[in-house]
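Here this note's numbering is used: position 84 in the sequence shown is 80, and no number is missing along the way.
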Amino acid sequence: MRLALIAHDEKKDDLIEFARDHEELLSEAELMATGTTGKRLMEATDLDIERKASGPLGGDMQIGGEIADGDCEGLIFLRDPLTAQPHEPDVSALLRICDVHDTPLATNETSATFLLEGLFADDR
């Protein structure tokens, strides 16, 4: 199972807390993340994470490519809905590629919990 983790700046602490709370499940997956998110997650947990470029520098598109190639089974993307993002077109494209390829997508902590529980249901 290969999963991607992304968080906007104002949501990085929330994703770190989520990852700590779900570290056992997340450790069973191959993980990738955008640059700063991946760095912070690896500093705060024992998770092994493949780091892509920072989101605004193409990391969102790199993860989108993995989804389009069928190499990513789910995306947890904690977005900040109250702050305009300079790379909003990339964010929209990433969300769209999840819809096109029917890839599970979580954009808040509650949906992220459901995503993990659903993807790992057969493993329990």
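Glycine residues also receive a C-beta, built at the ideal position from the N, C-alpha and C atoms.
Residue burial is scored here from C-beta neighbours: GLU13 has fewer than 16 other C-beta atoms within 10 angstroms and is therefore classed as exposed.
Secondary structure note for MET28: its beta strand (DSSP E) is the uninterrupted segment 26 to 29. If you look at ALA64, you'll find it in the alpha helix (DSSP H) that goes 55 to 64. By the beta-carbon neighbour count (other beta carbons within 10 angstroms, threshold 16), PHE110 is exposed.
The stretch 94 to 103 makes contact with the stretch 63 to 79: 3 or more CB pairs, one atom from each, lie closer than 8 Å. Using a Cβ distance threshold of 8 Å, ARG16 and GLY34 do not count as a contacting pair.
LEU(-1): member of the beta strand (DSSP E) spanning -2 to 3, first to last residue. In this structure, ILE59 places its C-beta atom within 8 Å of the C-beta atom of LEU90. Per the DSSP secondary-structure output, GLY70 pairs in a beta bridge with LEU(-1). A residue is called buried once 16 or more other Cβ atoms fall within 10 Å of its Cβ, and GLY55 is buried on that count. Beta-bridge pairing by DSSP links ALA80 to no other residue. Contact check for ALA3 against ASP10 passes: the beta carbons are separated by less than 8 Å. Nearest Cα to HIS18 within the set LEU37, ASP86, GLU84, LYS7: LEU37.
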